Each structure stands twice: as structure tokens, then as C-alpha cells.
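A.B. asks: Dropping a structure here in C-alpha cells format, bear with me for questions.
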Amino acid sequence: VVTVDGSRASHWEHSVARHAGGIWVLTAEDGGAERLAPYGVTPVALD
Numbered sequence: 908v909v910t911v912d913g914s915r916a917s918h919w920e921h922s923v924a925r926h927a928g929g930i931w932v933l934t935a936e937d938g939g940a941e942r943l944a945p946y947g948v949t950p951v952a953l954d
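If you use the numbering used here, the sequence shown closes out at 954, no skipped numbers anywhere.
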């Protein structure tokens, strides 16, 4: 995704928490595990 002036941009369909231990998808019941697995990413719960 880019803006009209060609700058970088992003579009998110989920709310994601980035923390010291990794990431956790707040809007996915499994923290995003199923959809992130093909990319080698394992979400880490917010404990």
C-alpha cells in the first residue's frame, strides 16, 4: 500500500500488540497463530 505521494503506508485488519516477548494479535482467538504460522511467526501471549 502506498499513499498518493508514493510514501509507504500499511493497512491492518487486526489489532496487534507488539511487546518485549514478541507479538500477539488481539482480535484473533488464537493470538494469530494459525495465520502467522506459514510465515514462521509464533505469537507470544500477553502474560
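Note that CB positions come from ideal geometry on N, CA and C, so glycine has one too.
In this text the structure is predicted, and so the values were computed from the model without any measurement.
Hey, how far is the Cα of ILE930 from the Cα of ALA940?
C.D. replies: Reading the sequence shown from its first residue, position 23 is the one you call residue 930. Reading the sequence shown from its first residue, position 33 is the one you call residue 940. Looking at the two C-alpha atoms, the distance is approximately 10 Å.
A.B. asks: Could you check whether HIS921 and THR934 sit closer than 8 Å to each other, using their CB atoms as the reference points?
C.D. replies: Looking up residue 934 in the sequence shown gives position 27. Looking up residue 921 in the sequence shown gives position 14. In this structure, HIS921 lies closer than 8 Å to THR934 by Cβ.
A.B. asks: According to DSSP, what are the bridge partners of VAL923?
C.D. replies: Taking the first residue of the sequence shown as 1, we reach residue 923 at position 16. Answer by DSSP bridge pairing, in chain order: VAL932.
A.B. asks: Would you list the residues sitting across from ARG942 in a DSSP beta bridge?
C.D. replies: Taking the first residue of the sequence shown as position 1, residue 942 is located at position 35. DSSP output for ARG942 lists no bridge partner at all.
A.B. asks: Beta-carbon within less than 6 Å of PRO945's beta-carbon, same chain only, minus the 5 sequence neighbours each way: which residues are those?
C.D. replies: Working through the sequence shown from its first residue, we reach residue 945 at position 38. Answer for PRO945: no residue qualifies.
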